[in-house]
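Chemist: Top to bottom, those sequences are chains C and S.
Its first residue numbered 1, the first sequence is counted upward by one per residue in my numbering.
Its first residue numbered 467, the second sequence is counted upward by one per residue in my numbering.
The structure that follows is given in the form of structure tokens.
There are 2 protein chains.
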Amino acid sequence: MTADTVASAVEGLRRVVPPERVALDPDVLRGLSHDEAEWAPVGAAIAAVRVRTEAEVAALVRVCAELRVPIVARGAGTGLSGGANAVDGGIVLDLSQMREILEIDTENLLCVVQPGVVNNDLKAAVAEHGLWYPPDPASAPWATLGGNVATNAGGLCCLKYGVTRDYVLGLRAVVGGPAGYGSAVALGRRTSKGVAGYDLTGLMVGSEGTLGIVTEITLRLRPAPVGHPRTVVGAFSSLVDAGRAVAGVTRRGLTPAALELLDRVCLEAVEEWKQLGVDPTTAALLLARVDSPGTAGAEEATAIVTEFTDAGAIWATESTDDVEAEALFEARRLAYPALERLGPVLTEDVCVPRSKVPAMFAQIEAIASRHDVRIATVAHAGDGNLHPLLLTPPGDDDARHRAMLAFEELLDAAIALGGTVTGEHGVGLLKRGGMLRELDAGNIALQRGVKDAFDPLGIFNPGKVL
Amino acid sequence: MTADTVASAVEGLRRVVPPERVALDPDVLRGLSHDEAEWAPVGAAIAAVRVRTEAEVAALVRVCAELRVPIVARGAGTGLSGGANAVDGGIVLDLSQMREILEIDTENLLCVVQPGVVNNDLKAAVAEHGLWYPPDPASAPWATLGGNVATNAGGLCCLKYGVTRDYVLGLRAVVGGPAGYGSAVALGRRTSKGVAGYDLTGLMVGSEGTLGIVTEITLRLRPAPVGHPRTVVGAFSSLVDAGRAVAGVTRRGLTPAALELLDRVCLEAVEEWKQLGVDPTTAALLLARVDSPGTAGAEEATAIVTEFTDAGAIWATESTDDVEAEALFEARRLAYPALERLGPVLTEDVCVPRSKVPAMFAQIEAIASRHDVRIATVAHAGDGNLHPLLLTPPGDDDARHRAMLAFEELLDAAIALGGTVTGEHGVGLLKRGGMLRELDAGNIALQRGVKDAFDPLGIFNPGKVL
């Protein structure tokens with residue numbers, strides 16, 4: 001891209017958005033040009049634009065389409081696959097200032113939000129009306145709902161309550177292709193059911209900004225849960241035993257609201273940092289949260305204790321101490337930042353059929369050993385969604401190289417077990433190769449067909465996903 | 467189409483499928499050329515082909531692509547929008563013989579089926595393993611899962627348990643377009659979560675055979691429900707009061723497993739036919755089924771009685787008599803066939819935000835009166851999904867004309883209330899006009915883009931949906 005082209009692009013942007021919201025400063029640009037994915041390539045953007053309205057987004061898309069300037073949309077940048085990383089010669093479209101909750105419809109249990117609303121802010125706002133928005137990625141205190149939609153974010157409670165896509169009833173988006181670049185379209189509905197036409201809403205969810213820019217989201221809500229959740233804890237002398245406990249819980253048809261795993265490396269890192277009083281001497285800890293009210297909840301908790309015990313737990317019990325239960329889930333939430341303190345963390349996000357969780361844990365151990373890589377594992381174990389975290393000493397290039405080999409082998413192991421290379425983080429940049437190995441050629445051809453139909457100019461987040 | 471072209475097409479079909487499964491007999495063809503939609507146009511097919519394997523489907527699609535012969539896939543033909551109606555010069559692809567349950571995975575709570583498996587047959591098969599496949603369209607005793615997938619079928623229990631799309635984890639399909647006509651592709655996954663690429667599985671669900679031919683379906687299952695369901699009944703002196711009760715139940719965050727409505731015309735027709743002992747003197751009956759176990763279920767039932775009473779019910783009570791409760795739900799199931807005995811029934815399928823149910827009922831009454839059309843209403847009221855059934859005396863062309871005007875006005879009324887023209891039956895032929903009025907032009911352009919990308923030759927169920 002020549003300096004002249006850049007100048008004329010910037011001039012175009014400034015015609016449609018006030019100049020003070022078109023950032024060119026290299027430091028500002030650098031900060032807005034990447035997400036949290038370790039070692040994913042970051043391109044050199046020509047500008048970052050903070051938008052406030054759908055009309056601005058539409059005008060920007062028209063300008064960028066005319067000049068063939070790539071657009072990378074971003075919210076809070078908490079992604080873990082590089083999906084929001086800038087591309088060379090493109091702009092970063094920062095939607096974090098579009099953060100109004102436009103409507104909370106208590107009559108129909110839904111809300112309408114702008115994409116920059118933070119997940120936890122929405123949770124708090126709807127809680128005031130006795131309502132609940134379940135999807136709870138670990139990044140919920142910072143992540144925007146637009147980003148959640150882009151990646152089809154999951155979290156702890158999706159085991160029982162589903163992922164982001166299950167809550168998106170409708171969208172507004174600025175698109176291109178057959179609708180014309182810069183067209184704002186309404187997709188989906190406000191009703192609880194509807195089959196008028198193809199499910200374009202579901203198609204946009206998880207598309208990582210490659211099919212258009214989401215400008216408004218209509219989300220289904222649930223009544224706030226009633227009653228007091230129960231916590232079941234089990235300690236295991238091996239990850240594989242813990243995996244067998246998870247398989248047992250699934251086979252028995254138990255559906256806790258969360259079923260999380262932490263391995264010893266995680267527990268040690270959290271304990272060293274925060275001194276929550278969690279015993280870090282076991283190989284794996286399983287935490288189940290049960291939110292069924294009354295007797296049903298009590299029975300479910302007891303059945304989970306039994307499954308843990310039958311799988312060979314060192315000990316398993318329902319925690320009757322709220323402080324202890326809270327500390328355990330706090331340890332789960334803090335595992336990732338606790339490990340990041342020790343050095344760069346390459347985050348894996350494989351998902352396998354739940355009966356294969358023990359086999360996947362065995363693979364993780366084998367791969368860690370084969371490549372001499374330290375791997376800590378946290379997992380939404382009940383979903384079969386495992387996050388092996390590859391730890392590398394800061395500045396150790398050889399360790400980094402070994403970690404990247406292990407990363408790809410973990411993907412292959414998950415595929416071989418009938419799983420997927422990404423359960424909830426998205427393909428972004430880091431999983432493109434893995435996705436090509438997971439999906440058959442015909443599937444990829446159809447994916448490409450969708451992309452080409454929606455974005456024939458290839459300006460929406462090019463190089464991501466496909 | 468000339469006789470020569472037809473002959474060469476038939477010859478082509480017989481090269482890839484044994485001749486005894488290529489039906490040309492006009493009577494056989496007529497029987498396989500339409501679904502249950504009243505007054506939807508039916509084209510003249512050149513042949514009906516019974517397939518047994520994916521390889522046969524693939525070979526047929528290649529032949530048809532080469533000769534530009536349209537393909538209309540069908541299962542049991544229980545659709546209500548004309549989606550499976552034959553088109554001129556096309557073939558009918560009958561998938562009802564592909565009816566093997568290929569796998570029931572009790573470890574991972576999923577199953578793999580061929581598209582011709584009947585919904586209730588799958589329910590029975592998985593029940594033997596303590597598992598449950600929830601989607602329950604009224605046609606479940608006959609409808610195939612392939613058809614359920616094609617229309618994204620709903621039913622009674624989707625209020626609490628979701629629609630077909632919520633259960634489809636993955637598909638195999640024979641597609642065209644960028645993958646090449648006749649390619650068999652695997653879409654989706656076997657894991658509970660996954661975000662590798664665009665949600666093409668969700669896109670295929672509800673696409674009514676216009677994007678390809680589904681040849682295998684991987685479905686999520688649930689543990690069989692525990693405990694004894696409760697039934698709450700309320701009788702109302704007006705449909706609008708019943709609608710207010712529905713809105714009240716939603717607003718209070720209650721989630722019964724079903725919340726169904728029957729109006730007086732339905733009750734009379736059922737009683738006259740079957741003498742179930744249901745009192746047909748009220749304007750509307752609401753039936754709620756509560757399946758939460760234990761105290762929670764008891765509290766939910768009581769709360770629903772209260773909402774019914776507050777909305778002005780003549781009476782409302784939890785039925786403690788199993789025989790009575792079963793008779794009431796049987797009346798619900800029999801409403802449609804009972805009305806069909808009286809003459810042609812044009813089935814509406816609007817869905818509105820649940821707070822708008824009373825307003826929609828008022829519109830139904832006004833439109834019935836304005837066009838002098840007898841309308842019976844059954845409804846998945848808790849979803850806001852109403853089925854006004856337009857009754858016409860057999861052979862009365864003027865009544866039929868008035869019914870068709872009322873049909874379109876009902877669609878407009880639903881759109882005006884923020885609803886959709888089809889909650890669960892699909893667009894097919896009958897809702898194409900309504901869909902164009904519901905969705906904005908940009909949305910339709912994107913739909914068209916998807917269709918063109920997946921089926922540039924336009925041979926997959928042409929003229930349906932779009």
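Beta carbons are placed, not taken as given, at the ideal position from N, Cα and C, and that holds for glycine.
Using the rule of at least 16 other Cβ atoms within 10 Å of the residue's Cβ for burial, across every protein chain shown, is C/T218 buried or exposed?
Modeler: Locating residue 218 of chain C in the first sequence gives position 218, counting from the first residue. Answer is buried; the Cβ neighbour count reaches 16.
Chemist: DSSP puts S/W781 in a beta bridge; with which residues?
Modeler: As a working mapping, residue 781 of chain S is identified with position 315 in the second sequence. S/A701.
Chemist: For C/L200, which residues in chain S fall below 9 Å Cβ to Cβ?
Modeler: In the first sequence, residue 200 of chain C corresponds to position 200, counting from 1. The contacting residues are L669, N909, L912, Q913 and V916.
Chemist: Using a Cβ-Cβ cut-off of 9 Å, state whether C/T422 counts as contacting chain S.
Modeler: Taking the first residue of the first sequence as 1, we reach residue 422 of chain C at position 422. Yes - at least one Cβ of chain S is within 9 Å of the one on C/T422.
Chemist: Between S/N551 and chain C, is the shortest Cβ-Cβ distance under 9 Å, so that the two count as touching?
Modeler: Counting from one through the second sequence, the residue named residue 551 of chain S turns up at place 85. For S/N551, the answer is no, since every Cβ of chain C falls outside 9 Å of its Cβ.
Chemist: Can you give me the Cβ contacts of C/R332 inside the same chain, cut-off strictly under 8 Å, excluding the 5 residues immediately before and after it?
Modeler: Indexing the first sequence from 1 puts residue 332 of chain C at position 332. Around C/R332: L156, E260, L262, L287 and V378.
Chemist: Measure the CB-CB distance between S/A690 and S/L751 and report whether it falls below 9 Å.
Modeler: Here residue 690 of chain S refers to the residue found at position 224 when the second sequence is read from its first residue. Here residue 751 of chain S refers to the residue found at position 285 when the second sequence is read from its first residue. No, Cβ-Cβ distance for S/A690 and S/L751 is not below 9 Å.
Chemist: Just to confirm the assignment, what range does the beta strand (DSSP E) spanning C/G111 have?
Modeler: Translated into the one-based positions of the first sequence, residue 111 of chain C becomes position 111. The residue you asked about is not Gly; residue 111 of chain C is Cys in the sequence shown. L110 to V113 is the extent of the beta strand (DSSP E) around C/C111.
Chemist: Determine which residues of the region 875-904 of chain S have a Cβ less than 8 Å from any Cβ of chain C, and write them out in chain order.
Modeler: Flagged, chain order: G884, G885, T886, V887, T888, G889, E890, H891, G892, V893, K897, G900, M901 and E904.
Chemist: Chain S beta carbons: is any one of them nearer than 9 Å to that of C/S183?
Modeler: In the first sequence, the residue the question calls residue 183 of chain C occupies position 183. True, the Cβ-Cβ gap to chain S drops below 9 Å.
Chemist: Using the Cβ count rule (16 or more neighbours within 10 Å means buried), how would you classify C/G428?
Modeler: In the first sequence, residue 428 of chain C corresponds to position 428, counting from 1. Classification for C/G428: buried.
Chemist: For S/E569, which three-state DSSP category applies?
Modeler: Position 103 of the second sequence, counted from the start, is the residue given in the question as residue 569 of chain S. Reduced to three states, the DSSP call for S/E569 is strand.
Chemist: Along the chain, where does the alpha helix (DSSP H) that runs through S/L533 open and close?
Modeler: Residue 533 of chain S sits at position 67 when you count from the first residue of the second sequence. Taken as a continuous stretch (DSSP letters only), the alpha helix (DSSP H) holding S/L533 covers E520 to L533.
Chemist: Can you tell me which of S/T572, S/E569 and S/G545 puts its alpha carbon nearest to the alpha carbon of S/A961?
Modeler: Here chain S covers residues 467 to 932 and nothing more, so residue 961 of chain S does not appear.
Chemist: Can you pull the chain S residues whose beta carbon is under 8 Å from the beta carbon of C/E107, in chain order?
Modeler: Here residue 107 of chain C corresponds to residue number 107 of the first sequence, with the count starting at 1. Within 8 Å Cβ-Cβ: A713, T716, R717, P819, R820 and S821.
Chemist: Determine whether the Cβ of C/L110 lies closer than 9 Å to any Cβ atom of chain S.
Modeler: Along the first sequence, one-based indexing puts residue 110 of chain C at 110. Yes, its Cβ sits closer than 9 Å to a Cβ of chain S.
Chemist: Report back the beta-carbon spacing between C/G130 and S/G719 to the nearest angstrom; my notes put them in contact at under 8 Å.
Modeler: For the purposes of this step, residue 130 of chain C is taken as residue 130 along the first sequence, with counting starting at 1. For the purposes of this step, residue 719 of chain S is taken as residue 253 along the second sequence, with counting starting at 1. About 7 Å separates the two Cβ atoms, so the contact holds.
Chemist: Helix, strand or coil: which one does DSSP assign to C/H380?
Modeler: Taking the first residue of the first sequence as 1, we reach residue 380 of chain C at position 380. Strand, per DSSP.
Chemist: Between the region 903-915 of chain S and the region 631-650 of chain S, do at least 3 Cβ pairs fall closer than 8 Å?
Modeler: Because the criterion of three Cβ pairs below 8 Å is not met, the region 903-915 of chain S and the region 631-650 of chain S do not touch.
Chemist: Residues in the same chain with beta-carbon distance under 7 Å from S/V432, minus the five sequence neighbours each way, listed in chain order, please.
Modeler: Nothing about residue 432 of chain S can be reported from this structure: the residues present for chain S run from 467 to 932 only.
Chemist: At a Cβ threshold of 9 Å, is C/R189 touching chain S?
Modeler: Translated into the one-based positions of the first sequence, residue 189 of chain C becomes position 189. Yes - at least one Cβ of chain S is within 9 Å of the one on C/R189.
Chemist: Run through DSSP, which three-state label would C/L287 get?
Modeler: Along the first sequence, read from residue 1 onward, the residue named residue 287 of chain C stands at position 287. The answer is strand: DSSP assigns C/L287 an E or B state.
Chemist: So is C/S319 in contact with chain S if we call contact Cβ pairs under 9 Å?
Modeler: Counting from 1 along the first sequence, the entry for residue 319 of chain C is found at position 319. By this cut-off, C/S319 is not an interface position.
Chemist: Just curious, the alpha helix (DSSP H) that C/E365 is in, first and last residue?
Modeler: Residue mapping note: residue 365 of chain C aligns to position 365 of the first sequence, counting from 1. That run of the alpha helix (DSSP H) goes V357 to R370.
Chemist: Are the Cβ atoms of S/A657 and C/D383 separated by less than 9 Å?
Modeler: The residue labelled residue 657 of chain S in the question sits at position 191 within the second sequence. The residue labelled residue 383 of chain C in the question sits at position 383 within the first sequence. Going by the sequence as given, residue 657 of chain S is Thr instead of Ala. Yes, they are a contact pair.
Chemist: Whose C-alpha, out of C/T106, C/L145, C/V345 and C/E300, is nearest the C-alpha of S/K822?
Modeler: Here residue 822 of chain S refers to the residue found at position 356 when the second sequence is read from its first residue. Checking every option, the nearest Cα to that of S/K822 belongs to C/T106.
Chemist: Let's test the definition: count the other Cβ atoms within 10 Å of the Cβ of C/T210 and tell me whether it reaches 16, buried, or not, exposed.
Modeler: The residue you call residue 210 of chain C lines up with position 210 of the first sequence. Buried.
Chemist: First and last residue of the beta strand (DSSP E) that includes C/T392?
Modeler: Mapped onto the first sequence, residue 392 of chain C falls at position 392. Note, C/T392: premise wrong, no beta strand (DSSP E); not H, not E.
Chemist: Kindly indicate the opening and closing residues of the beta strand (DSSP E) around C/R50.
Modeler: To locate residue 50 of chain C, count along the first sequence from 1; it is residue 50. First-last of the beta strand (DSSP E) with C/R50: A47 to R50.
Chemist: Answer with yes or no whether the minimum CB distance from C/D166 to chain S is below 9 Å.
Modeler: Residue 166 of chain C sits at position 166 when you count from the first residue of the first sequence. Judged by the 9 Å Cβ criterion, C/D166 is in contact with chain S.
Chemist: Is the region 584-601 of chain S touching the region 804-816 of chain S, taking contact as three or more C-beta pairs under 8 Å?
Modeler: Not touching, per the Cβ criterion.
Chemist: Does any CB atom of chain S fall closer than 9 Å to the CB of C/A381?
Modeler: Within the first sequence, residue 381 of chain C is the residue found at index 381, counting from 1. So no, C/A381 is outside the interface.
Chemist: Report yes if the C-beta distance between C/P344 and C/W39 is below 9 Å; otherwise report no.
Modeler: As a working note, residue 344 of chain C is residue 344 in the first sequence. As a working note, residue 39 of chain C is residue 39 in the first sequence. Yes.
Chemist: Count the other CB atoms, across all protein chains shown, that sit within 10 Å of the CB of S/Q580; report buried if there are 16 or more and exposed otherwise.
Modeler: Mapped onto the second sequence, residue 580 of chain S falls at position 114. Label assigned to S/Q580: buried.
Chemist: Give every residue of the same chain whose Cβ lies closer than 6 Å to the Cβ of S/A777, excluding the five residues on either side of it in the sequence, and list them in chain order.
Modeler: In the second sequence, residue 777 of chain S corresponds to position 311, counting from 1. Result list for S/A777: D707, R710, A711 and G714, in chain order.
Chemist: Would you list the one or two residues that DSSP bridges to C/L386?
Modeler: Here residue 386 of chain C refers to the residue found at position 386 of the first sequence. The partner list for C/L386 (beta bridge, DSSP) reads C/V350 and C/A379.
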